[in-house]
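Trainee:
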Amino acid sequence: MTNTILPSDPALPDDVNRELTIEQRETEGLSQSQVVRRRFFRHKGAMTASAVLLFTIIFVYSSIGVEIYDFKIPGWWIWNYTETSAIVNGGNPTWNTLFAPGEHPFGQDQIGRDIFARVMRGTQQSIVVMVLYGLIASLIGVVIGAIAGYYRGWLDNLLMRFTDLIIVIPIIVIAAVIGRGVGASGAVVLGLLLGLVGWTGLARLVRGEFLGLREREFVDAARVAGASDSRIVFKHILPNAVGVVIVSMTLLMSAAILLEAAISFLGFGIRQPDVSLGQIINEYQGAFATRPWLFWWPGVMIIILVLTINFIGDGLRDAFDPRQKRAPGTSGPYRQMWGMMFGRGRQGTPQIYAIGSDGSSGANDRSVPPGDRKPPPGEIQ
Amino acid sequence: MLTFVIRRLGASVLVLLGASFIIYVLAANAGDPLEDLRASTAINKEQLIQARITLLNLDVPAPLRYFIWLGGVLRFFIGDFDLGKNLAGQEVTALVGSSMWQTIQLVTFATIIAIVIGVAIGMTTALRQYSGYDYSVTFLAFLFFSLPVFFVAVLLKQYVAIGFNNFLADPVIPPVTIVVLSLISGFVWMSIIGGDPKPRLIVFGSATLITAAVLGYLLVTNWFQYPGLGPVLILGLGALGAVAGTAISTGISNRRALYASLVPPVLGALLWYPLQFVMTVQASAWLVPILIGAFLVGGGAIGYAMGLHDKWVAARGGAASGAFVAILLVLDRIMQSWPDYVTNTGGRPIATIGGSTPDLHGSIWIGMLDSYTHLLLPTVALLLISLASYSRYARASLLEVMNQDYVRTARAKGLTERTVIMRHAFRNAMIPIATIIAFDVGGLIGGAIITERIFAWKGMGSLFQDALDHVDMNPLMAFILIVSALTVIANLLADVAYSILDPRIRVG
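As they're listed, the protein sequences go chains A and B.
In terms of the working numbering, the first sequence has 175 at position 6, counting the first letter as 1, and numbering is strictly consecutive.
In terms of the working numbering, the second sequence has 392 at position 240, counting the first letter as 1, and numbering is strictly consecutive.
Structure (structure tokens):
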């Protein structure tokens, strides 16, 4: 297959050459993690999403402070999510001009609780559930998938049948059942227990990766050299599967937010007097016609969290998987749309530079160390 | 194949048993089924509690009580299916019947529409990779993927239902809106079809004009109040569908197939008047499938007779076109009952509550219209989210296939782009999608739990929710049994479909 990347082709536009030099440095002794990090930092969508997510988390935790059971750090916001106060402005949001949020920027509910504080508390709960669920589900998924895929045989059979047991019930059903039991104990317990049932998809994925990777030459070489099982798994196979794991972890995390919100919406998640975003939406959906802000803000917070995490996941996928990458030299989406509006959309299409149009071409061989190349799909069975 | 299916079924039964056991123990310990009685102030409180304990064997510990329940289920084999009783003492088997039908209806509609639209969007984005259209769809897919289903459903209920009903009460579209809508439609079509500047502009102009003309026609003829197709539109739409279908499936150059698929629309327009009589006077529930079947077979026969050396290709085109025309005829008849339906529902035809209007009288067409207006919003809510993921899967899958060697070979031997895409790429791209869709059935039922709650459907979802709320084990387990059985069956079908679609994969 032709490899059309040239070191610096004067016929190409400037930004293409700049891209090419970065791409080429990847072959010059950069470790895989450095390559991935650089690709991720160059992904504008993912970087913006990371910044927004970080800002949201800092904002959410600093505003009403941290409260873990009896240990409390107060935040800069005057109201608490449970205390009631005199109704200002008829409960309507006081945030009408951009830089003057007023006393109750998101308004108040009927008994005078501050919606801003409640939404912030709900977002905190979502973040707690998201992190715990993501960590625990990924950990269990990786361990089970790795054992099943590496040892195969009866152990694989046993573990995969066990996975089937859980996968056959829709996750929201099993989550609602768990939430019915432990929802009252708060977000930490809920996140931990939901993580115990959320690992199934990842386990299957990791098993597939391991089944493919354990047959590769570099694993054989390590085995011949006398490496122990744990060394092969941790030093040779796992680093090659880490992309799949991390990308799936972001998907698990965004799914966790939606899951927690959904079961709290149904009334099986976090209970009163504690707050969760789904619970707020459920509580106030009847008031939608008269007080829509009660409904809007929790929804917006869910969307911000899930969208940013999905974008980060997308950036990570692009960073880990060279085949998914946009070919260097193509212009970004907005310039493309601009070009398209004036009929010049084709100028930026990747066919001109002959990469990406056939994703299996030089793009793989160039940017990743040989052991890391993925076989074409279909080779793994 | 048969041994494979039997072995899989055996394994599935074991999986079902294990899963239901886990859920039973979890749910039985999740709360107290006597909660409402303990809090009650009735004089015979103790007695009521005792009665419920004996009714539901609550004195038996949960893991053992599971086997009592299982015993009732297994009596299915001696013809005495027993799912137990709920807290109020009603037979669960009777409760499940109607609600199962409602949910299956909802999920089936949503799945089919999501597959068709999602695959179409995914394919067009794959063929226009890295275009503005592709990026916009990608962004929208991300957005919809991140939307909680209950949020979408409440918004739909509040804005679409109320707004659309208000619009229908006084259907006026201001000229500015017509212009904006036409321009948007022109832009969308232009981005999908793509190409060089000149064809782009032509597509843009014609799509804009056509949209404006259609909107104008609908307004002038008062179509929103008295919708219908009539013989002219049936002929026109049928012919359009026939030409488009032929262009995609066999290519417009195959004249025999084209003519064969053009016959049913003509036939439909000619038979319109007599069929009105049949559909109004002798309307029975069997009429719709009979009509579609007759047109399907008739169109196929005409195609077979007309296609000289390519009989089966022409027959296929004729049959598809015939079915399409029959569906148009049915739609036309349903639309004609619209004004009647609007007055029946007090001028608010788009429903937000329940699965059907209570005490609705009228012909079967009004009944069908009623179930469609009730299905509309829940289906859209379920649809938007699965649509996003299907379009992504379809895009990834088609891109993968388009890079394969056999596609390059097909191009190299000079086949037309249509043949390459439809015959070589599309079919292979559908293989992985079949499995994904099967896995998704469970998720859709999960989504249906929430949608049913918001739209107050009395389906499986509300059954589950009530049962879990009161720790009412027997209805809960009936739900789990049906949902997990559906998931298992869908997975089994996916495996079988996989082996049929892809001869490289052998099962057994």
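The C-beta atom is built at its ideal place from N, Cα and C for all residues, glycine as well.
Count the other CB atoms, across all protein chains shown, that sit within 10 Å of the CB of residue 430 of chain B; report buried if there are 16 or more and exposed otherwise.
Mentor: Exposed: under 16 other Cβ atoms inside 10 Å.
Trainee: Between the Cα of residue 167 of chain B and the Cα atoms of B:654, B:642 and B:636, which residue gives the shortest distance?
Mentor: For the residues B:654, B:642 and B:636, the minimum Cα distance to residue 167 of chain B belongs to B:636.
Trainee: What residue range does the beta strand (DSSP E) around residue 375 of chain A cover?
Mentor: Here residue 375 of chain A belongs to no beta strand (DSSP E); instead the alpha helix (DSSP H) covers 369 to 382.
Trainee: Between the Cα of residue 438 of chain A and the Cα atoms of A:375, A:360 and A:475, which residue gives the shortest distance?
Mentor: Here the closest residue by C-alpha is A:360.
Trainee: Pull up the distance between the alpha-carbon of residue 537 of chain B and that of residue 529 of chain B, whole angstroms please.
Mentor: Roughly 13 angstroms separates the two Cα atoms.
Trainee: What separation, rounded to the nearest whole angstrom, lies between the Cα atoms of residue 141 of chain B and residue 409 of chain B?
Mentor: Absent from the model: residue 141 of chain B. The displayed extent of chain B is 153 to 660, so no value can be given.
Trainee: Against residue 300 of chain B, what residues of chain A qualify as contacts under a CB-to-CB distance less than 9 angstroms, listed in chain order?
Mentor: Those within 9 angstroms of residue 300 of chain B in chain A are 426, 427, 430, 431, 434, 446, 447, 450, 468, 471, 472 and 475.
Trainee: Could you check if residue 327 of chain A is buried or exposed, using at least 16 other CB atoms within 10 Å of its CB as the buried criterion?
Mentor: Exposed is the call here.
Trainee: Output the boundary residues of the alpha helix (DSSP H) element that contains residue 414 of chain A.
Mentor: Element bounds for residue 414 of chain A: 407 to 435.
Trainee: Using the C-alpha atoms, what's the distance from residue 395 of chain B back to residue 289 of chain A?
Mentor: Answer to the nearest angstrom: the Cα atoms are 56 angstroms apart.
Trainee: State the DSSP-derived secondary structure class of residue 280 of chain B, mapped to helix, strand or coil.
Mentor: Here residue 280 of chain B sits in coil by DSSP.
Trainee: Checking the sheet assignment: what are the DSSP bridge partners for residue 240 of chain A?
Mentor: DSSP output for residue 240 of chain A lists A:237 as bridge partner(s).
Trainee: Which residues of the stretch 245 to 275 of chain B have a Cβ closer than 9 angstroms to any Cβ of chain A? Give them in chain order.
Mentor: Cβ contacts with chain A come from no residue of the stretch 245 to 275 of chain B.
Trainee: Would you report the Cα separation of residue 294 of chain A and residue 313 of chain A, rounded to the nearest angstrom?
Mentor: Spanning the two alpha carbons is a distance of roughly 28 angstroms.
Trainee: Can you pull the chain A residues whose beta carbon is under 9 angstroms from the beta carbon of residue 486 of chain B, in chain order?
Mentor: In chain order: nothing, as chain A lies at least about 31 angstroms away.
Trainee: Helix, strand or coil: which one does DSSP assign to residue 283 of chain A?
Mentor: Here residue 283 of chain A sits in strand by DSSP.
Trainee: Thinking just about the alpha-carbon of each residue, which of B:236, B:480, B:195 and B:651 is nearest to the one in residue 379 of chain B?
Mentor: Of the candidates B:236, B:480, B:195 and B:651, the one whose C-alpha sits nearest the C-alpha of residue 379 of chain B is B:480.
Trainee: Within the continuous alpha helix (DSSP H) that includes residue 643 of chain B, where are the two ends?
Mentor: Unbroken alpha helix (DSSP H) run through residue 643 of chain B: 625 to 653.
Trainee: Please name the residue or residues paired with residue 243 of chain B in a DSSP beta bridge.
Mentor: According to DSSP, residue 243 of chain B bridges with B:237.
Trainee: Along chain A, in chain order, which residues have C-beta atoms closer than 8 angstroms to that of residue 181 of chain B?
Mentor: Simply 350.
Trainee: Whole angstroms are fine: how far does the CA of residue 343 of chain B sit from the CA of residue 414 of chain B?
Mentor: Rounded to the nearest angstrom, the two C-alpha atoms are 29 angstroms apart.
Trainee: Might you give, ordered along the chain, the residues of its own chain that have their beta carbon closer than 7 angstroms to the beta carbon of residue 224 of chain B, omitting 5 neighbours on each side?
Mentor: Around residue 224 of chain B: 234, 235 and 236.
Trainee: Note down, one range per segment and in chain order, each alpha helix (DSSP H) of at least 4 residues found wholly within the stretch 459 to 536 of chain B.
Mentor: Whole alpha helix (DSSP H) segments, 4+ residues: 463 to 488 and 490 to 496.
Trainee: Distance check for residue 391 of chain A and residue 401 of chain A, CA to CA, integer angstroms please.
Mentor: Near 7 angstroms, if we compare the C-alpha coordinates of residue 391 of chain A and residue 401 of chain A.
Trainee: Measure the beta-carbon distance from residue 474 of chain B to residue 448 of chain B and round it to whole angstroms, keeping in mind my assumption that it falls under 8 angstroms.
Mentor: Right, their Cβ atoms sit about 5 angstroms apart.
Trainee: For the stretch 377 to 411 of chain A, which residues have a CB atom closer than 9 angstroms to at least one CB atom of chain B, in sequence order?
Mentor: The stretch 377 to 411 of chain A vs chain B, Cβ under 9 angstroms: nothing.
Trainee: Nearest by alpha-carbon distance to residue 623 of chain B: which of B:182, B:424, B:507 and B:214 is it?
Mentor: Residue B:182 is the option with its Cα nearest to residue 623 of chain B.
Trainee: Please classify residue 126 of chain B as buried or exposed, where buried requires at least 16 neighbouring CB atoms within 10 angstroms.
Mentor: The first residue shown for chain B is 153 and the last is 660, placing residue 126 of chain B beyond what the model contains.
Trainee: Might you give, ordered along the chain, the residues of its own chain that have their beta carbon closer than 6 angstroms to the beta carbon of residue 563 of chain B, omitting 5 neighbours on each side?
Mentor: The residues are 572.
Trainee: So what's residue 497 of chain A in DSSP terms, helix, strand or just coil?
Mentor: Any reading at residue 497 of chain A needs caution, since the residue's pLDDT is 44, under 50, leaving its predicted position unreliable; the model's value is listed next. In this structure, residue 497 of chain A counts as coil in the three-state DSSP scheme.
Trainee: Could you check which residue in B:392, B:487, B:390 and B:510 has the C-alpha nearest to that of residue 432 of chain B?
Mentor: Among B:392, B:487, B:390 and B:510, the Cα nearest to that of residue 432 of chain B belongs to B:487.
Trainee: Would you kindly check if the distance between the Cβ of residue 477 of chain B and the Cβ of residue 417 of chain B is under 8 angstroms?
Mentor: It is a contact, given that the beta carbons lie within the stated cut-off.
Trainee: Out of curiosity, what's the CA-to-CA distance linking residue 501 of chain A and residue 332 of chain A?
Mentor: Legend: pLDDT at residue 501 of chain A = 48, less than 50; position of this residue unreliable, no value from coordinates given.
Trainee: Anyone know if the C-beta pair for residue 214 of chain A and residue 232 of chain A falls short of 8 angstroms?
Mentor: No, these two residues do not count as a Cβ contact at 8 angstroms.
Trainee: How about residue 423 of chain A: is its C-beta nearer than 8 angstroms to some C-beta of chain B?
Mentor: So, interface residue.
Trainee: Note down the Cα distance separating residue 406 of chain B from residue 388 of chain B, rounded to an integer number of angstroms.
Mentor: If I take the Cα positions, the gap works out to 21 angstroms.
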